[in-house]
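Residue numbers for the sequence shown follow the working numbering, so the first one is 90 and each next one is one higher.
We treat Cβ as the ideally placed atom computed from N, Cα and C, and that holds for glycine.
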Amino acid sequence: MLLIRDLGELFVERDSDRYDPGGAKPRTILALLCANAGRPVPATTFITEVWGPDAPEKTQRALESQIWRLRKALSSGGEPSVIVTDRAGYRLDVTDTTVDSIEFDSAATTSLAHGRPTSITRLDEILSLWRGEPFATAGSTPTIDQARRRLHTIRAALLTRRADLLLADGDFDRALGEAQALITRDPLDEHDWALKIRALAASGQRAEALTAYRDIRELLATELGMDPGDEVRTAHRGVLDDHSRAVRRVHLPSQHTSFVGRDTELAELVRLLESERAISVTGIAGVGKTRLALEAARRAADSFDDGVWFIRRSADGGTTTDHATAILATLRVQPSPDFPTALDQVCAHLSTMSALLVLDGRAHPQDTDVADAILQRCAAVTILGAGDPLGVEGEHVVTVHPLPVDGPAGTPSPAHRLLVDRIRVATGTFDPGPRDHAELDRICRAMGGLPLGLELAASRTATFALREVAEQFGTSVPEPVGRAFALAYESLGPQLGDRFIRLTALRSPFTPSLAQAVCGGGDVAADLAELARRSLLWPIRGDRHRTTRFTILGTVADHARSTSPEAAGVAVARRDDAVAALLATTPMRSTPDSARDFARVEDDLHTVLAFLESVVIDPQRLDVHIDLIEQLGPFWFLRRRLADGIRILRTAAATSAAGGCSARTDAMVNASLGAALAFSQQIDQARPHLTARPLDELGVVIADGDADPAKHGLRLAFLSLAAWTGDDHALALEFAELAADTLDTGGRSMAATVTAALALAELTTGDIGAGADHAHSALALSTEQGDPLATHLAAVMMGIGSLFAGDTQMGLRWNDQAFRAYLDAGGVQICDTVEQRGNHLARAGEIIRAGHAFAVARCYAVDAGMEWPRGPFTHDAIRTCRETDNHAFDSGWRAGARAAADALRVGDHERFANM
């Protein structure tokens, strides 16, 4: 299926492969065809709009040449061209072609049809097709510009319909944000202003709703000399006539900007306000605790018949009487001598009320006394604190962290969204282009996602260009933000502060087990929980695939390290010891525990890489830790981390080449780098490293320093597998035969892997009989020695044999065993095994399942930066499937691509067992 993506950058997709139409002229020609899809475009139109009205006489020939190139780019071998020539001109045939703009137009027409029900979800799906300015990389011509305007009008209608549905659905904040965005696009659209007025009123912001009415009334009078129409006046009357409890009893400060992000925290707070009576929102200064509490209180207002009240706690403490008196003043109650204390009067006044009190600011012991008394004596009062915990029994604490600076693939992060929204407020309009995203990302990361910092950066764009603001905030932290970071660290106290400095040596995310190793004794889990409560750590909750991990707030970590550089240095040394201990328990040999061992390294990979980066630049440390580095060879390949491994090993090779390392280290670095390059199919770069020394010398140079005499056989077998993966089968056989020789000198504990590597090399170099015998031997040895990698390799070879024999059912059974053994070996790079399964299914005539398997295999290979297909039979199998039933194959392919993307996102590779 051909897909033309023209809502944004113009490009073409076929079977998930992307094609660029070429330069400006072919893109503009394709855009003209898309704008008239299904209708012929005369050659004169192309010539006039692409080459201009003064085009030379030979332009017709140039047009034909450009059309020929486009046809070649858009058509797969043997298929008819989608660009059809007829007497009226050139026409884009959309029979078997999907064009985003046509899909968008058609879906919008259906959803916007009068009386046709639609949903927010459906509108979201349609709007997701819009990636940016239509035909963005094409030129500007009358036809294209007209199509762009029409598509923008359709999008605005969809956004308006969605905003109406959001308001009707009770999502006032999102409706308000969409209304404001629509007003920015067209400031005189009265429906959008009416929507904004209704959304403000519905969310309890009556004063802001009335201000919005005055704004549109003045704008219409100034620009058009007219009064607002019926829709705006009706919305205004609705605000004036609304005597509902929600408007009369919400006593919260006005907010002049929209609420952005925090959807999860907001939903949790609103839920808690329906069932709990004491809730606190905590976090570091500037993280947005007050704003979140106010938004939650406003949304939960209907649950409190007698009002929602905002009370600012005293900054200097004061007495219990002072705090109680402040509450009375907020509630507009005059102090009375009829009560023994002000607190008694507060409790008496609230005792029969259903109310929500929002307490903002730093808590003091007196606040705890007041809150405790109110909660005990006023059964229908709820207290929501923004700042420190209330300190009362039964309190539910919600910790607010800085906004994430990384969003899901293809979508802006919450920090990015907030920054863009506030820049629009500061500058009046801001539609970020591709070049702006890097600057926005730089600001978000420099501020660590802290809303205070993002607000300050946005306000500065009223004076400076975005590029200048990114430079300013990227080189120095503004004083208010620095103060917030300093307060967060200084509030920890000596013991917890020492723990925090030790944790700053770790790279995020990190596991509790590594934190325990770095911090030493004591209840580290409790300290991690406390630091997370204070929003200095961000917990990433574990699931069945991964353990719980923590992300440290880097900006506060930088401040902590700067205050205690000596302690930070000690922490780095403890980290290095902890990582070395972790790697020492991750053997190179495949065992039934390999999946667990590799997962432990994976869970703390960023810290492991930090350790390795410090080792490979120091010749002495490289000598000390070279065996640990070599042991990671299988990890890099089996866990899809070859890019990281190659980067580390290239640095190690440069260090070794500069001198200062032992001959053993130099040989091991070259061999390890060569293996990593070969596994990534860069065999031309790998071969000089793999053959840096004569192969028969490796035993003398390297093996004499091995603690385990059997290790050298395993090393050679691993190098054989790498050369085999890189398609240098002759070199693979040399390594495999040397590995087999070690079995006669005490290397029997590695016999399963060695025999499997030998069988694989023999089969691919033509010695089928010996290869088959050794494959059977490897399978038996792998069971005896508990070697899942050898089981996998042997089962793969058996499966290939079944493929040659045409026994698809047996082949699928071998494939099942190979897949399970691969996961047991700790592997997640399942592309080869799943691709083989696709070949078996194709041979069996299972077209949909074959398409599903091939798509999964391709997605995993592309994700790892590997060429695909990997096997020699796959091209023919795919062609046969498509010729048999292209529709069924496409159906399976699309389902497989979706499943693979989801599996890669969550790390659920087991789902493809028995696929």
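What number of angstroms, rounded off, separates the C-alpha of Arg107 from the C-alpha of Gly127? Indexing the sequence shown from 1 puts residue 107 at position 18. Indexing the sequence shown from 1 puts residue 127 at position 38. A direct Cα-to-Cα measurement between Arg107 and Gly127 gives close to 23 Å.
Have a look at the DSSP bridge pairing and note the partners of Tyr179. In the sequence shown, counting from the first residue as 1, residue 179 sits at position 90. BP columns for Tyr179 point to Val130, Thr174.
What number of angstroms, rounded off, separates the C-alpha of Asp974 from the C-alpha of Gly927? As a first step, residue 974 is located in the sequence shown; it is residue number 885 there, counting from the start. As a first step, residue 927 is located in the sequence shown; it is residue number 838 there, counting from the start. Their backbone Cα atoms lie some 15 Å apart in a straight line.
Report the partner residues of Leu993 according to the DSSP bridge assignment. Residue numbering aside, residue 993 sits at position 904 when the sequence shown is read from its first letter. Residue pairing of Leu993 in beta bridges, as defined by DSSP: absent, with no partner found.
Excluding sequence positions up to five away, which residues of its chain have a Cβ less than 6 Å from the Cβ of Gln774? Start at 1 with the first residue of the sequence shown, and residue 774 comes out as number 685. Cβ within range, chain order: Leu766.
DSSP state of Arg421 mapped onto helix, strand, coil: The count along the sequence shown starts at 1 and reaches residue 421 at position 332. Residue state, collapsed to three classes: coil.
Beta-carbon proximity list for Gln874, same chain, < 6 Å, skipping 5 on both sides: As a first step, residue 874 must be located in the sequence shown, where it is residue number 785. Ala841, listed in sequence order.
Selection from Arg303, Leu308, Gly327 that minimises the alpha carbon distance to Ala291: The residue you call residue 291 lines up with position 202 of the sequence shown. For the residues Arg303, Leu308, Gly327, the minimum Cα distance to Ala291 belongs to Gly327.
Does the beta-carbon of Arg729 have 16 or more other beta-carbons within 10 angstroms, so that it is buried, or is it exposed? Start at 1 with the first residue of the sequence shown, and residue 729 comes out as number 640. Looking at its Cβ environment, which holds 16 or more other Cβ atoms inside 10 Å, Arg729 is buried.
To the nearest angstrom, how far is it from the Cα of Arg1042 to the Cα of Asp456? Only positions 90 to 1004 of the chain appear in this structure, which leaves residue 1042 out of reach.
Tell me Asp449's beta-bridge partners as DSSP assigns them. As a first step, residue 449 must be located in the sequence shown, where it is residue number 360. DSSP lists Arg401, Ala475 as the beta-bridge partner residues of Asp449.
Output needed for Gly318: all residues of its chain with C-beta closer than 6 Å, excluding positions within five of it in sequence on either side, in chain order. By one-based count along the sequence shown, residue 318 stands at place 229. Excluding sequence neighbours, Gly318 sits near Glu279.
Taking buried to mean at least 16 other C-beta atoms within 10 Å of its own C-beta, is Leu721 buried or exposed? The count along the sequence shown starts at 1 and reaches residue 721 at position 632. Label assigned to Leu721: buried.
Evaluate Arg237 with the Cβ neighbour count: other Cβ atoms within 10 Å of its Cβ, from every protein chain shown; 16 or more gives buried, anything less gives exposed. In the sequence shown, the residue the question calls residue 237 occupies position 148. Classification of Arg237: buried, given that the 10 Å Cβ count is 16 or more.
Using the C-alpha atoms, what's the distance from Leu417 back to Gln423? Counted from its first residue, the sequence shown places residue 423 at position 334. Counted from its first residue, the sequence shown places residue 417 at position 328. Distance between the alpha carbons of Gln423 and Leu417: 7 Å.
Within 10 Å of its beta-carbon, does Ala649 have 16 or more other beta-carbons around it, so buried, or fewer, so exposed? Translated into positions along the sequence shown, residue 649 becomes position 560. Label assigned to Ala649: buried.
Coil, strand or helix - Val336 by DSSP: The sequence position of residue 336 within the sequence shown is 247, counting from 1. Residue confidence for Val336 is low, a pLDDT of 44 falling below 50, so the modelled location carries little weight and cannot support an answer.
Length of the line joining the Cα atoms of Arg663 and Leu473: As a working note, residue 663 is residue 574 in the sequence shown. As a working note, residue 473 is residue 384 in the sequence shown. Approximately 42 Å between the Cα atoms of the pair.
Name the DSSP beta bridge partners of Ile368, please? In the sequence shown, counting from the first residue as 1, residue 368 sits at position 279. Beta-bridge pairing links Ile368 to Leu473, His485.
Own chain partners of Arg987 with C-beta closer than 6 Å, once the 5 adjacent residues on each side are dropped: Here residue 987 corresponds to residue number 898 of the sequence shown, with the count starting at 1. Counting only residues of its own chain and dropping the five nearest sequence neighbours on each side, Arg987 has no CB closer than 6 Å to any other CB.
Taking only three categories from DSSP, how would you classify Arg782? Within the sequence shown, numbered from 1, the residue matching residue 782 stands at position 693. Coil, per DSSP.
Using 10 angstroms around the beta-carbon of Ile706, count the other beta-carbons present and answer buried if the total reaches 16, otherwise exposed. Residue mapping note: residue 706 aligns to position 617 of the sequence shown, counting from 1. Counting the other Cβ atoms within 10 Å of the Cβ of Ile706 gives fewer than 16, which makes it exposed.
Would you mind stating whether Pro708 and Gly734 have Cβ atoms separated by less than 7 Å? Against the sequence shown, residue 708 aligns to sequence position 619. Against the sequence shown, residue 734 aligns to sequence position 645. 7 Å or more divides the Cβ of Pro708 from the Cβ of Gly734.
Counting Cβ pairs, one atom from each stretch, are 3 or more of them under 8 Å apart for the segment 374-382 and the segment 427-444? These segments do not touch.
Three-state secondary structure (DSSP) of Asp456: As a working note, residue 456 is residue 367 in the sequence shown. DSSP places Asp456 in helix when its eight states are reduced to three.
Report all residues from its chain with a CB closer than 6 Å to the CB of Arg337; omit the five preceding and five following residues, and keep chain order. Here residue 337 corresponds to residue number 248 of the sequence shown, with the count starting at 1. With a pLDDT of only 45 at Arg337, under the threshold of 50, the placement of this residue in the model should not be trusted, and no figure is reported.
Mind checking which residues open and close the beta strand (DSSP E) that includes Val101? Here residue 101 is taken as the residue at index 12 of the sequence shown, counted from 1. Counting along the chain, the unbroken beta strand (DSSP E) around Val101 starts and ends at 100-103.
Tell me whether Thr1013 sits in a helix, a strand or coil according to DSSP, three-state version. Residue 1013 lies beyond the stretch modelled for the chain, which goes from 90 to 1004, so this question has no answer here.
Exposed unless 16 or more other CB atoms sit within 10 angstroms - verdict on Ser333: Here the question's residue 333 lines up with position 244 in the sequence shown. Here Ser333 scores only 47 on pLDDT, less than 50, and its place in the model should not be relied on; the value that follows carries that caveat. Exposed is the call here.
In this structure, how does DSSP classify Pro115 when only helix, strand and coil are distinguished? For this step, residue 115 is matched to residue 26 along the sequence shown. DSSP places Pro115 in helix when its eight states are reduced to three.
Under the assumption that Val459 contacts Thr409 (Cβ atoms under 8 Å), give the Cβ distance between them as a whole number of angstroms. Within the sequence shown, residue 459 is the residue found at index 370, counting from 1. Within the sequence shown, residue 409 is the residue found at index 320, counting from 1. That belief holds up - the Cβ atoms of Val459 and Thr409 are roughly 6 Å apart, short of 8 Å.
Grab the span of the beta strand (DSSP E) containing Phe639 for me, first residue to last. Here residue 639 refers to the residue found at position 550 when the sequence shown is read from its first residue. Counting along the chain, the beta strand (DSSP E) containing Phe639 begins and ends at 638-641.
Taking the C-alpha atoms as reference points, what is the distance between Ser761 and Val945? For this step, residue 761 is matched to residue 672 along the sequence shown. For this step, residue 945 is matched to residue 856 along the sequence shown. Our two residues, Ser761 and Val945, have alpha carbons roughly 29 Å apart in a direct line.
Whose C-alpha, out of Leu119, Val370, Val690, Leu201, is nearest the C-alpha of Phe161? As a first step, residue 161 is located in the sequence shown; it is residue number 72 there, counting from the start. One point to set straight first is that residue 161 is Lys, not Phe, in the sequence displayed. The candidate whose alpha carbon is nearest that of Lys161 is Leu119.
Is the closest heavy atom of the ligand ATP to the C-beta of Leu731 under 6 Å? This structure simply doesn't include the ligand ATP, nor any ligand for that matter.
In angstroms, rounded to a whole number, what distance separates the CA positions of Leu779 and Phe824? Taking the sequence shown and counting its residues from 1, one reaches residue 779 at position 690. Taking the sequence shown and counting its residues from 1, one reaches residue 824 at position 735. Rounded to whole angstroms, Leu779 to Phe824 spans 10 Å at the Cα level.
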